[in-house]
Each structure stands twice: as C-alpha cells, then as structure tokens.
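Residue numbers (the numbering used here): 138 to 205.
Below, the structure is given as structure tokens:
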C-alpha cells in the first residue's frame with residue numbers, strides 16, 4: 138500500500154518526505170512534524186500531539202466538542 142511504501146522510503150533511505158494531504162488520520166500516523174495551513178495561512182507546526190492539541194487546528198479542522 139502507499140502508506141507502507143512511504144514509510145519504507147523514509148526509513149530505508151533516511152530521506153525527508155514532503156506530504157501534502159487532507160487525510161488527517163494518515164498525516165497523524167505517518168508524520169514526525171506537521172505544518173497546518175488554513176486558507177493558506179500557517180496556523181500550527183509541531184509533532185502530531187502538539188498539532189492535535191492546538192486550539193486553532195481544533196477549531197479549523199477537528200471541530201469543537203459539544204457541551205452537555
């Protein structure tokens with residue numbers, strides 16, 4: 138599969154891969170560092186945990202939790 142190929146290239150050759158994707162689970166699973174754009178503006182940068190917790194990313198892409 139494509140994900141496996143990208144991982145093998147990265148790991149076996151030790152190369153940097155620039156991935157442009159809108160598949161959030163794929164990006165979070167594959168990438169060591171992530172930059173998030175919203176309407177062409179950089180709103181977050183960091184490792185997957187930092188990006189996932191960023192309030193701007195949550196508001197733009199992941200949605201807000203509803204209060205009970």
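The beta-carbon is built from N, C-alpha and C at its ideal position, and this holds for glycine as well.
Beta-carbon within less than 8 angstroms of residue i's beta-carbon, same chain only, minus the 5 sequence neighbours each way: which residues are those?
i, result
"residue 179", "172, 173"
Which one or two residues does DSSP pair with residue i in a beta bridge?
i, result
"residue 187", "Its beta-bridge partners do not exist; DSSP assigns none."
With a threshold of 16 other CB atoms inside 10 Å of the CB of residue i, please say whether the residue is buried or exposed.
i, result
"residue 157", "exposed"
"residue 104", "For the chain, the structure presents residues 138 to 205; residue 104 sits outside this window and is missing."
"residue 194", "buried"
"residue 181", "buried"
Would you please state the rounded distance, in angstroms, between the beta carbons of residue i and residue j? I believe it to be under 8 angstroms.
i, j, result
"residue 185", "residue 165", "5 angstroms"
"residue 170", "residue 151", "With 8 angstroms as the limit, residue 170 and residue 151 do not qualify as a contact, their Cβ atoms being about 15 angstroms apart."
"residue 154", "residue 143", "6 angstroms"
Leaving out five residues on either side along the sequence, give the residues of the same chain with a beta carbon under 6 angstroms from the beta carbon of residue i.
i, result
"residue 199", "none"
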